[in-house]
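Peer 1: The sequence shown begins at 52 in my numbering and counts up by one.
Glycine included, every Cβ here is placed at the ideal spot set by N, Cα and C.
Starting off with a structure, shown below.
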Amino acid sequence: MKNQELNQLIEILFKSGKVENYKPKTVIIEEGVVSKKFYYLKKGILRGWTNYDGKEITFQFLFEDHIFCSSESFFYNRPSSYTVETVEACTLLSIEKTVIDQLSENNEFLNLFNKYLIGRVNDYQRLLISQIQDKPEVRYKKLFEENPEIILRIPQHLVASYLGITPVSLSRIRNR
């Protein structure tokens, strides 16, 4: 999605949403709970994680100017299969599902919204393929090249979880 289109989408959402401020380590979307809100991340960092075998597995980081929701909750009224939590203090814009449904009657909004969602699906596909095909060293190198803000702004134990390795393994990779 082009920046101009994203800005148009955000402008529409800002007219209909509510600004919310959160402290670090605050749960925004809770695993096992239905979430009926759509969000725009104005300031801060969020992480998406799931509990697997008693461990928090991080699968996503979101930075400023990202739009997010638990799609299974928002679109299908099912409990979220993951948690979204603040890594640092965040300012979010929240929009209720009923408002998004009303906005979706506007073709311009629906077109922009769909383009954004398709872009996110492509991002997830790339991440999934990388997790399957690439060794941890390659995933770290790609992360460093494509998203250096993750390396610079996220605690290393969360980066390790995101890469699917232990903090000790991450330390070894970084020292090479």
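On a Cα-Cα basis, can you pick out the residue from H117, L214, K88 that is closest to K94?
Peer 2: By 1-based counting over the sequence shown, the position of residue 94 is 43. It is H117 whose Cα lies nearest to the Cα of K94.
Peer 1: Could you check the C-alpha separation between I61 and L214 for me, to the nearest Å?
Peer 2: Mapped onto the sequence shown, residue 61 falls at position 10. Mapped onto the sequence shown, residue 214 falls at position 163. Going by the C-alpha atoms only, they are around 30 Å apart.
Peer 1: Locate the beta strand (DSSP E) running through V70, then write down its first and last residues.
Peer 2: Start at 1 with the first residue of the sequence shown, and residue 70 comes out as number 19. It spans 69-73 - the beta strand (DSSP E) in which V70 sits, taken as one unbroken run.
Peer 1: If you follow the beta strand (DSSP E) that R227 is part of, which residue opens it and which one closes it?
Peer 2: Here residue 227 corresponds to residue number 176 of the sequence shown, with the count starting at 1. Counting along the chain, R227 falls outside any beta strand (DSSP E), and DSSP gives it neither H nor E.
Peer 1: CB-CB under 7 Å to E82, same chain, minus the five flanking residues each way: which ones, in chain order?
Peer 2: Translated into positions along the sequence shown, residue 82 becomes position 31. If we look at E82 and ignore the five residues flanking it on each side, its Cβ neighbours are T101, N102, S131, S132, Y133, T134.
Peer 1: Please state if the CB of I151 and the CB of F125 are separated by a distance shorter than 9 Å.
Peer 2: The residue you call residue 125 lines up with position 74 of the sequence shown. The residue you call residue 151 lines up with position 100 of the sequence shown. In contact: F125 and I151 (Cβ atoms closer than 9 Å).
Peer 1: Verify the CB distance criterion: does K88 have a CB-CB separation below 9 Å to chain D?
Peer 2: Here chain D cannot be found, since the structure has a single protein chain.
Peer 1: In the DSSP output, which residue or residues are listed as bridge partners for H117?
Peer 2: Position 66 of the sequence shown, counted from the first residue, corresponds to residue 117. Paired residue(s): L92.
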